[in-house]
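What follows is a single structure, written as structure tokens, with notes after it.
Numbering (our numbering), first residue to last: 14 to 414.
As structure tokens, then:
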């Protein structure tokens, strides 16, 4: 392939296995670029806080990594953040000397572009410019990080914790604004995120490189269970808050109207105390599963009850690709050009969620239409190949200029 490009991806952690939104985006980006004939190298930290499997990447990338020595955030993290005047995820984990050691192990120092995967990794901007002179730095944003913290702060009742989140949001906003001005190019996961960034940097030019989803083969006659699927990485604060709200405000209404409708909860790192008062016959927690597709294709519908968050929710795309009817809030649908009542059902209140569930449960035509339209939407707009081709064109334009 004569016009093949050579990319270096800078990641905050090893993006494999791809079992959460951030890891999926990085993993699928690297894999799709390689499938398109390009060369991809990854420089990253090995995280003690996440499940890691480098062998999943070695088939299509070269990985250069070292232990990041990550620890849970605590009082020490706050002190370090105050001293450095940087957000905790950056001051606590983005270690410049370790990243320099990683970069020194890369034999090929000539790249067409460096993909900085997420705002935190822009902390290495000066290091990258000194080592890879004249190589464009593309900041790839999958969230508006300060907005995520601001939204989380609004949900917190504890005054001290609220103050900490608000302070961190301010630090993140300052860092985000600085990064946007220094990057050679910026790619965003949705046009809506791009407009948020334009408020920080009015002259910014950005390229929308959305998340994709693979279209799994559908079972010929999948046995549909009388259930609702709830899935996610439950250590992520917006997922935690959404699930708690669901059980406090929504589930009692569902159980009253549909006492036989079961809930299947899938995903690791759930604080199971939230299920203490739930019947194990009605609410079944499966933990992390290797293959979530069987749950998607056998479930009647999924509810994604987010009450905060930012960016594009990859699990929404994946459920649509699986032909699973989706009910979600404005935060779940944010950044995705889906139409309420056509590809999914928008429901922001407990009563609206109950009404949506009732319609899907009782109307087979609605179920079939949502499933068909959702899958067609992914086929038309969210194939990984199409999204990565946009990144390739951005890189070629930077080289030409």
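A virtual CB, placed ideally from N, CA and C, is assigned to each residue, including glycine.
- residue 95, DSSP secondary structure in three states: helix
- Evaluate residue 41 with the Cβ neighbour count: other Cβ atoms within 10 Å of its Cβ, from every protein chain shown; 16 or more gives buried, anything less gives exposed. buried
- Query: So, helix, strand or coil for residue 22, using DSSP?
  - Reply: strand
- If we ignore side chains and look at the alpha-carbon of each, how far apart do residue 358 and residue 331 end up? 16 Å
- Query: Closest to residue 127 by CA distance: which of 173, 170, 19 and 163 is it?
  - Reply: 19
- Item | residue 108 versus residue 381: straight-line alpha-carbon distance, rounded | 50 Å
- Task: Starting from residue 400, trace the beta strand (DSSP E) both ways and give me its first and last residue.
- Result: Run containing residue 400: none in the beta strand (DSSP E); it sits in the alpha helix (DSSP H), 397-413.
- Task: Would you mind working out which of 141, 188, 311 and 77 sits nearest residue 94, comparing C-alpha positions?
- Result: 188
- Query: Going by alpha carbons, who is nearest to residue 131 out of 391, 37, 398 and 275?
  - Reply: 37
- Item | Residue-level contact to chain B via CB, residue 218, 7 Å cutoff | Here there is only one protein chain, and chain B is not present.
- Message: So, under 8 Å CB-CB, residue 275 and residue 295 are touching, yes? Tell me the CB distance rounded to an integer number of Å.
- Response: 6 Å
- Query: Hey, residue 329 and residue 305 are a contact pair by Cβ (cut 8 Å); roughly how many whole angstroms apart?
  - Reply: Their Cβ separation, rounded to whole angstroms, is 14 Å, which puts residue 329 and residue 305 out of contact at 8 Å.
- Going straight from the alpha carbon of residue 228 to that of residue 388, what length do you get? 8 Å
- Task: Pull up the distance between the alpha-carbon of residue 210 and that of residue 312, whole angstroms please.
- Result: 37 Å
- Backbone CA spacing between residue 76 and residue 153 [nearest angstrom]: 19 Å
- Output yes or no for whether 7 Å exceeds the beta carbon distance between residue 26 and residue 58. yes
- Query: So, is residue 231 buried or exposed, given that buried needs 16 or more other C-beta atoms within 10 angstroms?
  - Reply: exposed
- Message: Among the candidates 393, 56, 372 and 204, whose CA atom is the shortest distance from the CA of residue 71?
- Response: 56
- May I ask you to list the residues that DSSP assigns as paired with residue 53? 20
- Helix, strand or coil at residue 126 [DSSP, three-state]: strand
- Give the DSSP-derived three-state secondary structure of residue 81 in the structure shown. coil
- Message: Assess contact between the segment 179-198 and the segment 144-151, defined as three or more Cβ pairs (one per stretch) separated by less than 8 Å. Is contact present?
- Response: yes
- Item | At least three beta-carbon pairs within less than 8 Å, the segment 156-165 to the segment 139-147 | no
- Message: Which same chain residues end up closer than 8 Å to residue 169 when comparing Cβ atoms and leaving out the 5 residues on each side of it in sequence?
- Response: 175 and 178
- Look up residue 157 in the DSSP assignment and give the residues it is bridged to. DSSP lists no partner for residue 157.
- How about the segment 218-228 and the segment 275-287: do they share at least three Cβ pairs that are nearer than 8 Å? no
- Query: Distance, Cα to Cα, residue 270 vs residue 186?
  - Reply: 44 Å
- Item | Close beta carbons around residue 354, own chain, < 6 Å, minus the five adjacent residues each side | none
- Message: Just list the residues that DSSP pairs residue 240 with in beta bridges.
- Response: 275
- Range of the contiguous alpha helix (DSSP H) that encloses residue 255: 250-258
- Residue interval of the beta strand (DSSP E) (run including residue 323): Premise fails: residue 323 is in no beta strand (DSSP E) and is neither H nor E.
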